[in-house]
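Numbering (my numbering), first residue to last: 1 to 981.
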């Protein structure tokens, strides 16, 4: 065997090998410093720890300076070495590739050997272990005095060496290489002369290699040592081995131990671990499913190790290749720098292809081939039965005699799994990305991403607590950017661990950009995107198209009809089911209207969006068109639509009839369920350059926003759509969005800003010849005049708007204008004029069946009767308005009705009920942000309490009104000098 000579060696005397002359490392302290850094290669060692190694118990005052001097001298001597000593904070680290340090190379080969063994490649595993052990040249750092701070690391290394040697012996004996096993066992016994288990193996290895006499002599030797030196007889296992030698027993059949190594940093999943462990009782079957990267194999292997002692006859691990899309290369031989095998990758849940000696490209492994692999592992004689049925029968027979734990990893579906279910006392755990629900009696465990705390715990286990505790917010942000997906968190942790010079903030900033996030989530053979690709490549065309399009539709859960719009056909539940069954689309329950909702998990959404291209943009346009059609369908059934503007150019996509029935049955609840999704859809359309769709949808939302006083969402959607319309040169869209923003400014008492927007929208509508749009804008100008006390301007604008509405035969607009003119007359004290205008408005509202307009007019009629001294009639009118508004769920208008009714009750001496009404209206105004309504109600409450002798309480209300008025005057002065655009 060729002996490797890496640049740095610590598994024996400290050595550094460089081309040419050997480096001069200096005295003991520089060598101790280098040794300490190499023991913790690629990790930072703190200055205090280094000082304790170099100056135990009596460090000098110039410790830091001395460390810098030694580090600098080492850098100079190691200039040609493929390593770098770096000062990081208060400590130091040496950064180098694993193959340049014997310690790291040893650990790498041992890990690779275990992977090969788990994959059923015992010969390769034995070769790797032998090469790993050959790196040891004695006691680590035997030429240095040592340090207590090294002890833990060196003890772990010694244990790792012992385990590797024992594993090699086990592999050699299982392969029948008893002569080679004897040599390894004698070397182990030289260091561990009283290990009875090693003597037992030595005796059996000698016996099975035909050296019975030596085997008996070995027993006599250990018995003499035990009796003379320890005063005890050999234990029962050693005595049984002696009896086996005497009886000439043949070697036993091989016991398959195929479980991959457990992950030492497995984190969380306590409930799932408990459930799966319970399910793996004799005869149990469990199915673990979930999206790519969620940790299915890791969970299965963790629980399999937990129960393996209950299955002493062995454990089988079969990779079913459910997501295989590449032809395996059976002739490939791993070298020492090879990446970890598939099983390790799946433990990290990258879902890499099963590198098994079977399976065609792009297809799961056939059950017959899997049964052949299992039968060979069970020691079945060749030739194997030719048919799947016969192989399955023999498989069940062998496992009935020797019940085992069977792990079926990466299953494509139930049909592939059924022939591999042994029955009897064996237990089976199946993992797969597809939902597998067809196995009777199987326990089902569906994995999702980790909770935030557990995901952060996994990152901490990989990177180290000390490093993350310095920047806890950055660590939490990394976990969120990873979508709490275990694979992504593991990759992020691996990147940080391999870059000790990076702070968590560096990686967090790189992950912030969603367009580059998946490119960042790659470390060695662990790659999130590749894991996702393996599922994506198995999708039928329609499902793949849908997956890509859903990535363009934002982060909100979506109703099922969205898939119909993506594919431009109704009844696409079959495609939705494909994505759900593949665990690429998560059901999110049902909304209050009974619609099922779905969402792409965070990183899958990023992947889907990255995969989308121009070919998928029509799907986005159809979905926005569907939202627009649905919103307009709902808006038409809302109580108030007088200022609704529509985009004739915007596309509409008709939803399925059952979806439209839900919308029509309860439009307010539908808007409530879809509110945030609709707002996001406006932004998505604008970002995609679909200006007409963006402003058409934003305009369709206005009646709902007005009804529920959602001024923030109203302003957000309109500003986004306004920018899109201007960028596209869409003048109609610009005018409509300015009109809507003007209304928001009006509601927020920003009168100058509102007037400027109304004027600009009116000008554009007039240029376009849109008379109704101009009339609606003119009404806005009238409202500004009214609220600012300019009754003449208000009357002029409302009369002009009335004429436009009449010319268009727009009776709803006419009813509004008549009501507005009546209100203007009320403000001027013209009760007769107000009675005429309001009476006409009320008749028109009733003729139109517009109950909400009737309520608005009744509110003003109540004021009219109040001013005329007809308190009873005023209260009846206000009560009628309140009943109407509460029936529609219009809290804003209801608050004004409460305000009027409360004032009337107080004026009649019913202070208790009047005060309660006013307090209720005040609470609503405050919640909705109506500053003028709040101020008026506070003033009324202040006057009420003052007249009833509660002066302190009155002062509180009136002071709040005065303070608010000062603030508003300041805001108005700013408003005058601000822009009106």
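No residue lacks a Cβ here, since even glycine has one placed at the ideal position from N, Cα and C. Just so we're clear, the structure is a prediction, and the values are computed from it rather than from any experiment.
For residue 462, the enclosing alpha helix (DSSP H) begins and ends at 452-463. With a minimum length of 3 residues, there is no unbroken run of beta strand (DSSP E) contained wholly in the segment 752-812. By a beta-carbon distance limit of 8 Å, residue 559 contacts residue 597. Their separation comes to about 6 Å. Going by C-alpha positions, residue 949 is about 15 Å away from residue 939.
Assignment of beta-bridge partners to residue 317 by DSSP yields 407. In the structure shown, residue 559 falls within a strand segment according to DSSP collapsed to helix, strand and coil. Sequence-distant Cβ neighbours of residue 779 in its own chain, meaning closer than 6 Å and more than five residues away, are 801. Remark: fewer than three beta-carbon pairs, one from each stretch, lie closer than 8 Å, so the segment 223-239 and the segment 258-270 are not flagged as touching.
For residue 924 and residue 750, the gap between their C-alpha atoms comes out near 20 Å. Taking the CA atoms as reference points, residue 684 sits about 33 Å from residue 784. Burial check for residue 7: the Cβ neighbour count within 10 Å reaches 16 or more, so the residue is buried.
Membership of residue 88 in the beta strand (DSSP E) is indicated by the continuous run 84-88. For residue 95, the enclosing beta strand (DSSP E) begins and ends at 91-95. Within the same chain, 288, 407, 429 and 431 come within 6 Å of residue 300 by CB-CB distance, once the 5 residues on both sides are set aside. Scanning the segment 574-633 for uninterrupted alpha helix (DSSP H) segments of 4 residues or longer gives 602-611, listed from N- to C-terminal end. In this structure, the alpha-carbon of residue 748 lies about 25 Å from that of residue 854. Residue pairing for residue 47: DSSP places it in no beta bridge. In the three-state scheme derived from DSSP, where H, G and I count as helix and E and B as strand, residue 8 is classed as strand. Segment contact: the segment 363-380 against the segment 391-400, three or more CB-CB distances shorter than 8 Å; contact assigned. Around the beta-carbon of residue 292, 16 or more other beta-carbon atoms lie within 10 Å, marking it buried. Taking 8 Å as the cut-off, the Cβ atoms of residue 645 and residue 699 count as close. With contacts defined as CB atoms closer than 8 Å, residue 723 and residue 686 qualify as a contacting pair.
Inclusion of residue 320 and residue 409 in the CB contact set at 8 Å is warranted, their separation being smaller than that value. Following the DSSP letters along the chain, one finds residue 213 in no beta strand (DSSP E) but inside the alpha helix (DSSP H) bounded by residues 212-225. If you draw a straight line from the Cα of residue 526 to the Cα of residue 519, it is about 12 Å long.
Between residue 732 and residue 693, the CB-CB gap reaches or exceeds 8 Å.
Per DSSP, the continuous alpha helix (DSSP H) segment holding residue 245 begins and ends at 236-247.
When rounded, the separation of the alpha-carbon atoms in residue 499 and residue 473 is 19 Å.
Within the segment 138-220, the complete alpha helix (DSSP H) segments of 4 residues or longer fall at 148-174, 178-191 and 196-208, listed in chain order. Distance from the Cα of residue 210 is smallest, within the candidate group 404, 184 and 251, for 251. Pairing residue 903 with residue 795, the inter-Cα distance amounts to about 27 Å. Residue 147 is positioned such that its CB atom lies no closer than 8 Å to that of residue 236. Considering only 172, 139, 95 and 101, the residue with the shortest C-alpha distance to residue 130 is 172.
Residue 376 sits in a helix when the DSSP states are folded into three classes. The beta carbon of residue 9 sits closer than 6 Å to the beta carbons of 15 and 102 from its chain, once the five residues preceding and following it are set aside; these are given in chain order. Here residue 159 is exposed. Its C-beta has fewer than 16 other C-beta atoms within 10 Å.
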